[in-house]
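Take 4 as the starting number for the sequence shown in our numbering and just add one per residue.
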Amino acid sequence: MKKIIILILFNFSFALCQLPNPALIGYWHNWDDVNAPYIPITLIDSRYNVINVAFAVPKPPEDFEMEFNPVEVDSSVLINQINFIQGQGKKVIISIGGGNSPIILNDEMEMNTFVSTMNQIINTYNFDGIDIDLEGNSLFINGGTISEPTDKPVQYMIEAIKKIMSDYYFKNGKRLLLTMAPQTANVQGGMESFAGVWGAYLPVIDALRDSIEVLHVQLYNSGSMRGIDGNIYNQGTADFIGAMTEQIIRGFDTPGGYFRGLAEDKIAVGLPACASAASGGYTDTATVKLALDYLMGKGPKPGYYTLINSAGYPKLRGMMTWSINWDVVNTCHSTYEYAENYERIFNTETGIIDEYSEETNSVNPNPFSDYISITIQGDGKAETIIIYDLPGRVILKQQTEFLETGKTSNFHIPTETLISGVYFVNVQGTTEMRMVVKN
Numbered sequence: 004m005k006k007i008i009i010l011i012l013f014n015f016s017f018a019l020c021q022l023p024n025p026a027l028i029g030y031w032h033n034w035d036d037v038n039a040p041y042i043p044i045t046l047i048d049s050r051y052n053v054i055n056v057a058f059a060v061p062k063p064p065e066d067f068e069m070e071f072n073p074v075e076v077d078s079s080v081l082i083n084q085i086n087f088i089q090g091q092g093k094k095v096i097i098s099i100g101g102g103n104s105p106i107i108l109n110d111e112m113e114m115n116t117f118v119s120t121m122n123q124i125i126n127t128y129n130f131d132g133i134d135i136d137l138e139g140n141s142l143f144i145n146g147g148t149i150s151e152p153t154d155k156p157v158q159y160m161i162e163a164i165k166k167i168m169s170d171y172y173f174k175n176g177k178r179l180l181l182t183m184a185p186q187t188a189n190v191q192g193g194m195e196s197f198a199g200v201w202g203a204y205l206p207v208i209d210a211l212r213d214s215i216e217v218l219h220v221q222l223y224n225s226g227s228m229r230g231i232d233g234n235i236y237n238q239g240t241a242d243f244i245g246a247m248t249e250q251i252i253r254g255f256d257t258p259g260g261y262f263r264g265l266a267e268d269k270i271a272v273g274l275p276a277c278a279s280a281a282s283g284g285y286t287d288t289a290t291v292k293l294a295l296d297y298l299m300g301k302g303p304k305p306g307y308y309t310l311i312n313s314a315g316y317p318k319l320r321g322m323m324t325w326s327i328n329w330d331v332v333n334t335c336h337s338t339y340e341y342a343e344n345y346e347r348i349f350n351t352e353t354g355i356i357d358e359y360s361e362e363t364n365s366v367n368p369n370p371f372s373d374y375i376s377i378t379i380q381g382d383g384k385a386e387t388i389i390i391y392d393l394p395g396r397v398i399l400k401q402q403t404e405f406l407e408t409g410k411t412s413n414f415h416i417p418t419e420t421l422i423s424g425v426y427f428v429n430v431q432g433t434t435e436m437r438m439v440v441k442n
């Protein structure tokens with residue numbers, strides 16, 4: 004009876020901690036950038052139901068003692084913001100590493116320090132999970148096999164992740180979500196070579212396969228890769244998306260042994276939000292939809308690659324993007340174009356209220372100086388227009404008069420008192436946010 008009760012409790016906690024299905028996973032910048040500005044985490048489009056916070060990184064000069072420092076808001080503010088969006092059903096995950104911060108665990112002391120500092124970060128901010136985004140020389144193969152790696156940093160990373168998940172479970176009584184974002188060389192590249200960075204993630208994925216919630220390989224900044232059909236495919240194409248995704252589901256031979264694939268519901272397709280978000284691999288929305296429709300068995304073959312499983316993979320978990328911030332800007336595509344494409348592909352009902360279309364809920368001029376003009380289509384009531392600053396604080400509020408249903412009205416809001424910077428305009432009661440810049 005005791006064993007049955009424990010099993011029931013574990014399965015109950017497991018169910019509680021699963022990511023949404025389907026999932027739209029986006030990386031959120033914990034910093035400001037002139038090309039992809041910081042946005043408050045509470046103002047992210049609601050179609051993003053999984054938010055990967057970028058990044059927890061090693062504390063200089065070491066490469067194993069981790070820290071996470073909110074850049075644009077105080078820690079207490081971010082903690083409250085995370086709790087708020089978790090209350091809306093979103094999962095918030097801390098991503099470790101990234102392209103500029105290798106994490107290397109050379110011995111047991113470094114592993115224990117890594118574990119303790121990550122535990123502290125996860126518990127402080129109440130993150131729902133950990134995302135493993137190890138790039139560069141973080142994982143490096145010098146010998147061994149997928150099932151029996153001999154490189155100490157690989158072994159210690161596997162044990163560290165297991166320990167972090169175990170610690171979280173015993174403290175919180177539920178499972179810590181685990182996602183991974185390897186590059187193609189680290190995974191599919193193992194078919195060509197099991198050495199250096201090539202295939203270096205495969206032992207980690209294999210050892211943790213039962214714990215992985217979603218694996219979203221970065222199908223960008225990659226160059227060309229060989230598919231399991233023996234042909235080479237170029238990034239930025241429907242063929243590349245199809246070939247690389249099926250490869251990780253079905254598995255493949257490597258010089259380090261056979262890699263058993265993962266279930267399709269553990270796989271999400273990772274792509275750049277727009278052309279400026281990556282140095283290569285951007286794929287236009289029409290091509291992405293064609294590729295995923297074919298992958299999920301609901302559309303024709305869009306290119307040269309032919310799925311080995313002709314029925315496709317209808318349980319594909321979702322999509323990932325670098326990044327939410329890049330999806331917001333309208334400098335390289337329309338605002339939230341990636342999220343909109345996800346919605347079209349997965350036919351999701353997100354609860355977003357599209358009361359105001361692009362034409363009837365416009366904000367001009369942008370950039371602005373002394374005023375902004377907002378056009379609203381009436382809904383039989385007065386509306387409240389709210390302007391937020393970058394950290395998400397309410398800066399201005401203006402109440403409109405009663406608006407007749409279907410009638411379009413224009414409102415001017417004086418903005419002389421606002422300092423130069425990035426702001427967000429919202430009509431209260433809607434989820435639509437317009438990012439504007441004051442000169």
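Even for Gly, the Cβ is constructed at its ideal location relative to N, Cα and C.
Keep in mind the model is a prediction, meaning the values are calculated, not measured.
Check	Outcome
What does the alpha-carbon distance come out to for the pair I85 and N52?	13 Å
Please state whether DSSP places D154 in a helix, a strand or coil.	coil
Which partner residues of G283 appear in the DSSP bridge assignment?	Per DSSP, none; premise fails for G283.
Suppose the cutoff is 7 Å on Cβ atoms and the five residues either side in sequence are ignored; what does the same chain contact list for V440 look like?	N369, P370 and V425
By how many angstroms is the C-alpha of Y204 removed from the C-alpha of V428?	43 Å
Could I get the ranges of all uninterrupted alpha helix (DSSP H) runs contained in the stretch 281 to 326, with 4 residues as the minimum, in chain order?	288 to 298
G245 lies in the alpha helix (DSSP H); which residues open and close that run?	A241 to R253
I need the boundaries of the alpha helix (DSSP H) containing Q84, first residue and last residue.	S78 to Q89
Tell me the residue span of the alpha helix (DSSP H) that contains Y341.	E340 to F349
I'd like the span of the beta strand (DSSP E) that includes A271, first residue to last.	A271 to P275
One question on the structure: do I526 and A59 come within less than 7 Å of each other, judged by their Cβ atoms?	Limits of the chain in this structure are 4 at one end and 442 at the other, which puts residue 526 out of reach.
Excluding the 5 residues preceding and the 5 following G383 in the sequence, name in chain order all residues of the same chain whose CB lies nearer than 6 Å to its CB.	T408
With K118 as the anchor, note down where its alpha helix (DSSP H) starts and where it stops.	According to the sequence shown, residue 118 is Val rather than Lys. From DSSP, the alpha helix (DSSP H) with V118 extends over E111 to Y128.
List the residues that DSSP assigns as beta-bridge partners of R229.	I235
What does a CB cutoff of less than 7 Å around K318 pick up in its chain, not counting 5 residues either side in sequence?	E267 and D268
Between the Cα of L137 and those of Y159, I161, E111 and P105, spot the shortest distance and give me the residue it belongs to.	P105
Roughly how many angstroms separate the alpha carbons of F17 and S376, rounded to a whole number?	Note that F17 scores a pLDDT of 42, beneath 50, so its modelled location is shaky and nothing firm can be said.
Figure out for me which residue from W31, S49 and R50 has the closest Cα to the Cα of I42.	W31
How about T288 and G239: do their beta carbons lie closer than 7 Å?	no
Exposed or buried, G101, counting other C-beta atoms within 10 Å across all chains shown (16 or more means buried)?	buried
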